[in-house]
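Participant: Mind looking over this structure? Questions follow.
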Amino acid sequence: MHSRQMLKVVAAIFAAFAVGLVFYFIFSAAFGDGLEKTMENAGVEEQEPVYKAPLSYGDNYLIALVMGILGFAAVLGCAFLFGKLLVKKSP
Amino acid sequence: MHIPDGLMDPLVAAAGWILALVVLVIATRLLNRRVEERHIPLMALLAAGIFVAQMLNFPIGGGTTGHLVGAALAAILLGPYAGAMVMMVILVIQCLLFGDGGVTALGLNFLNMGFIGCFTGYYVHRAFPEKYRKAGIFAAAWLAVFLGSLACAIELAASNMMSGGAFGIAAPVAIPAMTIYHAVIGVGEGIVTTGILVFLSQVSPEMLKMPKITAGKASGPEKEVAADA
Chain A
48 MHSRQMLKVV
58 AAIFAAFAVG
68 LVFYFIFSAA
78 FGDGLEKTME
88 NAGVEEQEPV
98 YKAPLSYGDN
108 YLIALVMGIL
118 GFAAVLGCAF
128 LFGKLLVKKS
138 P
Chain B
627 MHIPDGLMDP
637 LVAAAGWILA
647 LVVLVIATRL
657 LNRRVEERHI
667 PLMALLAAGI
677 FVAQMLNFPI
687 GGGTTGHLVG
697 AALAAILLGP
707 YAGAMVMMVI
717 LVIQCLLFGD
727 GGVTALGLNF
737 LNMGFIGCFT
747 GYYVHRAFPE
757 KYRKAGIFAA
767 AWLAVFLGSL
777 ACAIELAASN
787 MMSGGAFGIA
797 APVAIPAMTI
807 YHAVIGVGEG
817 IVTTGILVFL
827 SQVSPEMLKM
837 PKITAGKASG
847 PEKEVAADA
């Protein structure tokens, strides 16, 4: 995949994410997912985490957008470096 | 479906970590021998794309939402081992940077969404003949989510039984609730996964023809890279 093609894909993902986030905040942000709903049905409350993460996804559009881009970059970088390590180790 | 800290019995969580580490060691050894330079941009972009897609929950009715897991998508494009590694990178960043899923439950989250999702997704998709490829992708994505949720429900029930009710959720509540919600969420997963792969087959067919890393002998139209060859 060429770098120009990669940039196009990244731009397309960001555009889709920016639009998708609008629908997320309109329709979904107030509700839990399947596991959270199952916990709610069973009367189980979420406990304090063992490890406190430095960031959260945010509870408004702008913060969620920034966090999404930050997470995208972190995952992209880590997966890329991990892949490079695996290739270098190949005989 | 990200399990938080404190929900599972510590023994179940520890078993999850051990099993996940075994899977990761095997996958890393196989990838060390087989991964190619051209896989890396796709692995990285897929991982990052699935990360943002997982932030976008969609409503499924009854005040419940679901999100794309993406394991079947990653496994169909890269093979089950590389797909599982992609899911592992996503889950680690979600956990350590954003607190999505507990550290103690990271092993179980990887088994449910990464390992089960990728291997189910890949092999179910491969079991369908070429002319039913779209149906195969949909079935693979749906089953990947459904079986992952069933595994999570069993872990909840085992935690509840082993701890005498202190952890987890009793089987009569956990199994029907988790599987019913995720049977519906899986439909969304199936539609999105099929849509993405059909789109890619039109705009970038070479991406779908890239060699996959599997445990069997090289076979099929995609000329897979056999991990044990």
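Chains as they are written, first to last, in our numbering: chain A, 48 to 138; chain B, 627 to 855. In this text, a Cβ means the ideal position worked out from N, Cα and C, and glycines have one as well.
Cβ closer than 9 Å: which chain B residues qualify as neighbours of alanine 139/A?
Facilitator: Because chain A in this structure spans residues 48 to 138, residue 139/A falls outside the shown range and cannot be described.
Participant: Please list, in chain order, the chain A residues whose beta carbon lies closer than 7 Å to that of leucine 657/B.
Facilitator: Going along chain A in sequence order, the residues near leucine 657/B (Cβ under 7 Å) are Leu133.
Participant: Are there 16 or more other CB atoms within 10 angstroms of the CB of valine 824/B, so buried, or fewer, so exposed?
Facilitator: Exposed, by the Cβ-count rule.
Participant: List, in order along the chain, the chain A residues whose C-beta lies closer than 8 Å to that of glycine 725/B?
Facilitator: Correct list: Pro96, Tyr98, Lys99, Ala100, Leu102 and Ser103.
Participant: Along chain A, in chain order, which residues have C-beta atoms closer than 8 Å to that of alanine 797/B?
Facilitator: Chain A residues near alanine 797/B: none, gap ~11 Å exceeds 8 Å.
Participant: Is the segment 656-669 of chain B close to the segment 111-118 of chain A, with three or more CB pairs under 8 Å?
Facilitator: Flag = no, the segment 656-669 of chain B and the segment 111-118 of chain A do not touch.
Participant: Does the beta carbon of proline 667/B come closer than 7 Å to any beta carbon on chain A?
Facilitator: Yes, its Cβ sits closer than 7 Å to a Cβ of chain A.
Participant: For aspartate 631/B, go through chain A and note every residue whose CB falls closer than 8 Å to its CB, in chain order.
Facilitator: Per Cβ cutoff of 8 Å: Gln94, Glu95, Pro96, Val97 and Tyr98.
Participant: Can you pull the DSSP bridge partners for proline 685/B?
Facilitator: Partner(s): Thr691/B.
Participant: Just how far apart, CA to CA, sit proline 706/B and isoleucine 763/B?
Facilitator: One C-alpha to the other measures close to 14 Å.
Participant: What are the start and end residues of each continuous alpha helix (DSSP H) run of 4 or more residues lying completely inside the segment 699-742 of chain B, in chain order?
Facilitator: Listed in chain order, they are 706-724 and 732-735.
Participant: Using a Cβ-Cβ cut-off of less than 7 Å, list which residues of the segment 754-780 of chain B approach chain A; keep chain order.
Facilitator: Residues passing the 7 Å Cβ filter: Ser775 and Cys778.
Participant: Please name the residue, chosen from Gly816/B, Ala646/B, Arg664/B and Val829/B, that lies closest to leucine 750/B on a Cα-to-Cα basis.
Facilitator: The amino acid occupying residue 750/B in the given sequence is valine; leucine does not appear at that position. Measuring from the Cα of valine 750/B, the nearest candidate turns out to be Gly816/B.
Participant: Thinking C-beta only, is alanine 783/B closer than 7 Å to glycine 747/B?
Facilitator: Not closer than 7 Å, so no.
Participant: Please report the Cβ distance between valine 97/A and glycine 728/B, rounded to the nearest whole angstrom; I am assuming they are in contact, meaning their Cβ atoms lie under 8 Å.
Facilitator: Going by Cβ atoms, the distance from valine 97/A to glycine 728/B rounds to 6 Å, so yes, they are a contact pair.
Participant: Could you say if the segment 797-804 of chain B and the segment 675-695 of chain B meet the contact criterion of at least three C-beta pairs nearer than 8 Å?
Facilitator: Contact fails: fewer than three Cβ-Cβ distances are below 8 Å.
Participant: Is there a Cβ from chain B that is less than 7 Å from the Cβ of tyrosine 71/A?
Facilitator: By this cut-off, tyrosine 71/A is an interface position.
Participant: List, in order along the chain, the chain A residues whose C-beta lies closer than 7 Å to that of isoleucine 644/B?
Facilitator: What isoleucine 644/B touches in chain A: nothing, since even the nearest Cβ is about 18 Å away.
Participant: Return helix, strand or coil for glycine 794/B, following the three-state DSSP convention.
Facilitator: Coil at glycine 794/B, not helix or strand.
Participant: Measuring straight from C-alpha to C-alpha, what distance separates glycine 81/A and leucine 645/B?
Facilitator: Those two C-alpha atoms are separated by around 24 Å.
Participant: Which word fits glutamate 663/B, buried or exposed, when buried means at least 16 other C-beta atoms lie within 10 angstroms of its C-beta?
Facilitator: Exposed.
Participant: Arginine 660/B to asparagine 107/A, Cα distance in whole Å?
Facilitator: Answer to the nearest angstrom: the Cα atoms are 43 Å apart.
Participant: For the alpha helix (DSSP H) holding arginine 759/B, just list the boundary residues, first then last.
Facilitator: 759-788 is the span of the alpha helix (DSSP H), which, as asked, contains arginine 759/B.
Participant: Please confirm whether alanine 670/B has its beta-carbon closer than 7 Å to some beta-carbon of chain A.
Facilitator: Yes - at least one Cβ of chain A is within 7 Å of the one on alanine 670/B.
Participant: Considering Cα atoms alone, identify which of Thr819/B, Ala797/B and Met739/B is closest to alanine 761/B.
Facilitator: Of the candidates Thr819/B, Ala797/B and Met739/B, the one whose C-alpha sits nearest the C-alpha of alanine 761/B is Thr819/B.
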